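Chemist: Numbers in this note's numbering are just positions in the first sequence, counted from 1, shifted up by 939.
Backbone N, C-alpha and C fix where the C-beta goes; we use that ideal spot for every residue, glycine too.
Quantities reported herein were computed from a predicted structural model and do not represent experimental measurements.
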Amino acid sequence: MENSKIAKILFGIADLLEMKEVEFKPRAYRKAAQTIEAMSQDIAGIYKQGGKKALDEIPGVGASISEKIEEILKTGKLKYYEKLRKETPVDTEGLMSIEGMGPKKVKRLYKELGVKSVKDLERAAKKGRIKKLKGMGQKVEAELLEAVKFSKKKTGRMLLGSAMPTAEELIEVLKKTAKIDKIEAAGSFRRWMETIGDLDILVVSKDPAGVMDAFTSLKSVSKVLAKGQTKSSVRLGNGLQVDLRIVDMSSWGSALMYFTGSKTHNIELRKIAIKKGWKLSEYGVFKGDKQLAGKTEDEVYKKLGMQFVPPEMRENIGEIELALDGKLPSLVGYNDIKGDLQFHTKWSDGTETLEQMVRKGKELGYSYMCVTDHVGTLKIAGGLDEKALKKQAKEIAAVDNMVDGIAVLQGAEVNILADGTLDMPDSALKGLDVVIAAIHSGFRGGREKQTKRVLGAMENEHVDIIAHPTGRVIGKRAAYDLDWQKVFDKSKETKTYLEINAFPDRLDLSDMNTHAALKAGCKLVINTDAHHSSHFENMKFGVGTARRAWARKSDILNTLPLKKFMKAIG
DNA sequence: GCCGTTTTCGGCCCGACTGTTTTCAGTCG
């Protein structure tokens, strides 16, 4: 049973209770669900180790919810949830995912029109039954119909890697067309989440109306969802929703915090303000009508008695307590990486020559790079054999000579076979500087089988790195399940390091897996897996993921200078 | 239903925007 499944049930309970207009309980269930969803540890494992008592320790989980989690873990279902669903046989999750639908409307439409599903909703709207209800009208009905239509073609969240160029361009255009003193993208974008649901942009301007006009009439806008004096929302042609908010310079910091989130992080901060007898909003920290702080984020955190929390850490998974104690880790920086350890050239499935790739690496300021073309039987990727590797070694030496100030290492990406052995003999791997092993086929094997494969590869004395350890491709292929405790232990034992693959649709390990790995005391590497020199720019997404997992510089091996790095991988 | 350096009872984040209202409810983030 995965955390996400348990969270889903708890969210479901919250929705159903809200429809019944039960007070406060929905919030409690939602809070617990959020915590569980965001936890890096497996909740089944926590229960296995510490029983119900350990569940009680989870923030937001008390006697009643822990009992329910226990029942879910034991039986796979929850009687209380089933009873609620029987009482209100409505697809709350589906209906509430429609823009403009909340618990109150779901309830009314169910009670008065018998709407149980999105399909029912569409039918009722088309028949003009919704506008006849009190408090609703033509506009509500039309908007709902529109929202249903949109939800059908909505593809979900957008990759951070895809959203970043969109955001940067949008900001550039706004800067040119309106009077803007300050502008920054906030939200999950600024927290470097792997995908973003929408884009939040914050602006300081002396001409707010002009900014709103410019924003809502951007070429890329397909629909204006809301337009006000300080806040507007639009949907772009590519489906991305963008919210823009205008604030005073005096509130810039608190507004940036509010807009950056996460929501749960902000709620905790507000509670801290309340305890001090103050109020925290996007306008600042207030004592009565007097603003105590708000101009910068630093100022607001300081006022609350905390360290500045880097945006990547604002997920309310323990960072607030650390910041209050002054014990936040110093995170690995975006410029701390000294060398990329996984990239491909024309020797296998890359599209550029070794020299082109190395020159780009030098431009980025790396002091070493390791070329890791595919070897062995991976024919699609043009796997090299032992002989070809020797030939490539000569070119590597030549390029190493030719390009000053950067060391070129020879590595290889080798396949992990079904039984955990490698498809390349040890004799071929022996002479390489860095050996990367990865699974490229048989993604469907169960947890036990995949764990055995990975552990097998780690036990090979030549293997230094396990690349993209869970095989996931965001939005396309699910991660295979691994027994993380065993993998982490083996990583430490054999000094075989797990990779954070920086490709925007991989980010594998994920932030949560990385967090768990670091907690277990593992060290990691961050690689781009570049197949073209432009892919080297993706390193930032890997570092962002590491920062989200609270990684310090010392946790990431390729922040070390060459000599120390070589010593570390042994 | 959860939580506690004001509390084991009585609180529970805060504000903008919209539509349908003539003072507000619902939704959203």
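Just to confirm my understanding: we take Glu-1207, look at its own chain, exclude 5 residues before and 5 after, and list those with CB closer than 8 Å. What are they?
Modeler: Excluding positions up to five away in sequence, the list reads Asn-1255, Ile-1259.
Chemist: Tell me, please, whether the segment 1106-1113 touches the segment 1072-1082 by the rule of three or more beta-carbon pairs shorter than 8 Å.
Modeler: No: the two stretches stay apart, fewer than three of their Cβ pairs being nearer than 8 Å.
Chemist: Pull the bridge partners of Cys-1309 from the DSSP assignment, please.
Modeler: Leu-1348, per the DSSP bridge assignment.
Chemist: Leaving out the 5 sequence neighbours to the left and right, which residues in its chain are closer than 6 Å to Arg-1209 when beta-carbon positions are compared?
Modeler: Closer than 6 Å at Cβ, skipping near neighbours: Leu-1219.
Chemist: Taking just the CA atoms, how far does Asn-1274 sit from Lys-1425?
Modeler: The alpha-carbon atoms of Lys-1425 and Asn-1274 are separated by roughly 32 Å.
Chemist: Compute the Euclidean distance between the alpha carbons of Thr-1290 and Ala-946, then round it to the nearest angstrom.
Modeler: So the two alpha carbons sit approximately 43 Å from each other.
Chemist: So, are the CB atoms of Asn-1477 and Asp-1279 less than 7 Å apart?
Modeler: No, these two residues do not count as a Cβ contact at 7 Å.
Chemist: Go ahead and pull the three-state DSSP assignment for Thr-1498.
Modeler: Helix.
Chemist: Under a three-way DSSP split, which group does Ile-1319 fall into?
Modeler: With a pLDDT of 49 at Ile-1319, under the threshold of 50, the modelled position of this residue cannot be trusted; read the value that follows with caution. Residue state, collapsed to three classes: helix.
Chemist: May I have the straight-line CA-CA distance separating Met-1245 from Ala-953, to the nearest angstrom?
Modeler: Using only the alpha carbons, I get a separation of about 32 Å.
Chemist: Measuring CA to CA, which of Ile-1508, Arg-1184, Lys-1016, Asp-995 is closest to Ile-1375?
Modeler: The option with the nearest alpha carbon to Ile-1375 is Ile-1508.
Chemist: First and last residue of the alpha helix (DSSP H) that includes Tyr-1436?
Modeler: Element bounds for Tyr-1436: not the alpha helix (DSSP H) but the beta strand (DSSP E), 1436-1440.
Chemist: Helix, strand or coil: how does DSSP classify Ser-1101 here?
Modeler: Three-state result, Ser-1101: helix.
Chemist: Quick one: Cα of His-1204 to Cα of Gly-1257, how far?
Modeler: Answer to the nearest angstrom: the Cα atoms are 10 Å apart.
Chemist: Expressed to the nearest angstrom, what Euclidean distance is found between the alpha-carbon atoms of Ala-983 and Ile-975?
Modeler: Between Ala-983 and Ile-975, the C-alpha separation is close to 11 Å.
Chemist: Check whether the segment 1324-1342 touches the segment 1379-1394, counting contact only when three or more Cβ pairs, one atom from each stretch, lie closer than 8 Å.
Modeler: No, the segment 1324-1342 is not in contact with the segment 1379-1394.
Chemist: Per DSSP, Ile-1140 is paired with what?
Modeler: Answer is Ala-1124, Leu-1183.
Chemist: Between Met-1252 and Lys-1266, what straight-line distance do the alpha-carbon atoms span, to the nearest angstrom?
Modeler: Rounded to whole angstroms, Met-1252 to Lys-1266 spans 13 Å at the Cα level.
Chemist: Look at Gly-1033 and Leu-1083 and say whether their C-beta atoms are less than 7 Å apart.
Modeler: It is not a contact, given that the beta carbons lie outside the stated cut-off.
Chemist: Pull up the distance between the alpha-carbon of Ile-1439 and that of His-1407, whole angstroms please.
Modeler: Their Cα atoms are separated by approximately 7 Å.
Chemist: Measure the C-alpha to C-alpha separation of Asp-1372 and Gln-1349 and round it to an integer number of angstroms.
Modeler: About 5 Å.
Chemist: By how many angstroms is the C-alpha of Pro-1443 removed from the C-alpha of Ile-1319?
Modeler: Legend: pLDDT at Ile-1319 = 49, less than 50; position of this residue unreliable, value from coordinates given subsequently. About 22 Å.
Chemist: Spell out the partners DSSP gives Phe-950 in its beta bridges.
Modeler: Note: Phe-950 sits in no beta bridge, so no partner.
Chemist: Which one of Ala-1327, Val-1314, Tyr-986, Met-1308 has the shortest CA to CA distance from Gly-1344?
Modeler: When each option's Cα is compared against that of Gly-1344, the closest is Met-1308.
Chemist: Among Ser-1473, Phe-1475, Ala-1459, Leu-1501, which has the Cα closest to the Cα of Asp-1494?
Modeler: Answer by Cα proximity: Ala-1459.
Chemist: Using the rule of at least 16 other Cβ atoms within 10 Å of the residue's Cβ for burial, across every protein chain shown, is Asp-1036 buried or exposed?
Modeler: Looking at the sequence shown, residue 1036 is not Asp but Ser. Result: exposed.
Chemist: Can you tell me where the beta strand (DSSP E) holding Ser-1171 begins and where it ends?
Modeler: From DSSP, the beta strand (DSSP E) with Ser-1171 extends over 1170-1175.
Chemist: Have a look at Ser-1003 and Thr-1390 and give me their C-alpha separation to the nearest angstrom.
Modeler: Taking the straight line from one Cα to the other gives about 35 Å.
Chemist: So, helix, strand or coil for Gln-1295, using DSSP?
Modeler: Correct three-state label for Gln-1295: helix.
Chemist: Pick out whichever of Leu-1463, Lys-1065, Asp-1187 has its Cα sitting closest to the Cα of Asn-1497.
Modeler: It is Leu-1463.
Chemist: What does the Cβ neighbour count give for Asp-1324, buried or exposed, with the cut at 16 atoms within 10 Å?
Modeler: That one is exposed.
Chemist: Can you check which of these residues, Ile-1211, Tyr-1049, Arg-1096, Glu-1400, is closest to Gly-1370 by C-alpha distance?
Modeler: Of the listed residues, the one whose Cα sits closest to Gly-1370 is Glu-1400.
Chemist: Restricting to Cα atoms, I'd like to know which of His-1283, Gly-1167, Val-1239, Glu-1061 is closest to Leu-1263.
Modeler: Taking only the C-alpha atoms, the option nearest Leu-1263 is Val-1239.
Chemist: Jot down the residue ranges of each uninterrupted beta strand (DSSP E) in the segment 1361-1395, minimum 3 residues, whole runs only, in chain order.
Modeler: Listed in chain order, the complete beta strand (DSSP E) runs (minimum 3 residues) inside the segment 1361-1395 are 1373-1377.
Chemist: Which residue from Ser-1090, Asp-1237, Thr-1311 puts its Cα closest to that of Gly-1178?
Modeler: Minimum Cα distance to Gly-1178 is reached at Ser-1090.
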